[in-house]
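Here the structure is laid out as structure tokens; the discussion comes afterwards.
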Amino acid sequence: MEEELAAELQTAAREAGAKVFLYMQGSANVLDKDLKEMSAAMAEPVTAGGYDGLILDIPDVPAKKVAALADMVRLLKTALGEMPVCLVTEAPGRTEKAREGSDYAALAAAADKLIMDSIDRYWAHKREMQ
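Going by the working numbering, the sequence shown opens with residue 12, and the numbers climb by one from there.
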């Protein structure tokens, strides 16, 4: 039933002129696993679900794992063929510098698009908790 509803929603969105992307969020721990295997597992629901592309959001990537993230994005692009892979990364905020893992050049070279997410929301939340 959910598959039918998802297909109906995708059809309605496309008839309105929109592309339908699957959004996936995960942890930087995924970058410690077999990247080829993880990329294949991530690509499967995108292709099986009939989506037009993927938005991948793996926040708080340490600098030592940025190369692995770029490799994973390249593997995803290979697995998804012509479908775009968009990568969410932290943007420098009004009050904070970019996070340590935000090597924009390396990530932009791997992804079709970068989506810059303001880190101010994280810092605002942390201030509220104190």
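All C-beta atoms, glycine included, are put in the ideal place defined by N, C-alpha and C.
Contacts around residue i, its chain only, beta-carbon distance under 8 Å, and the 5 residues preceding and following it disregarded
i	result
Lys47	Leu86
Asp128	Asp68, Pro70, Val99, Thr100, Glu101 and Ala102
Rounded straight-line distance, which links the Cα of residue j to that of residue i
i	j	result
Ala116	Met83	15 Å
Lys30	Ser50	22 Å
Cys97	Leu91	12 Å
Asp45	Ala52	11 Å
Ala78	Gly37	17 Å
Pro95	Ala74	24 Å
Given residue i as reference, the closest of the options once Cα atoms are compared
i	options	result
Ala81	Gly92, Thr100 and Met127	Thr100
Thr89	Ala74, Asp43, Ala78 and Thr58	Thr58
Glu14	Ala78, Ala27 and Tyr62	Tyr62
Asp114	Pro56, Asp123, Val72 and Ala17	Val72
Same chain only: Cβ atoms within 7 Å of residue i, ignoring 5 sequence neighbours per side
i	result
Ala24	Val31
Lys56	Contrary to the premise, residue 56 reads as Pro rather than Lys in this sequence. Excluding residues within five positions, the ones whose Cβ falls inside 7 Å are Leu33.
Gly60	Ala17 and Leu33
Lys124	Pro95 and Cys97
Beta-carbon contacts of residue i that lie in its chain and below 6 Å, excluding the five residues immediately before and after
i	result
Glu22	Looking at the sequence itself, residue 22 is Thr, so the reference to Glu does not match. Cβ neighbours of Thr22 beyond the five flanking positions: none.
Gly28	none
Assigned exposure category for residue i - 16 Cβ within 10 Å defines buried
i	result
Leu33	buried
Ala120	exposed
Leu118	buried
Leu20	exposed
Val122	A quick correction: the sequence has Ala, not Val, at residue 122. Ala122 is buried by the Cβ-count criterion.
Ile126	exposed
Ala54	buried
Within-8 Å CB hit, residue i to chain D
i	result
Leu86	Absent from the structure is chain D; it holds one protein chain and no more.
Report the start-end ranges of each beta strand (DSSP E) in the stretch 49-116 that is 3 residues or longer and not cut off at the edges. 64-68 and 96-102
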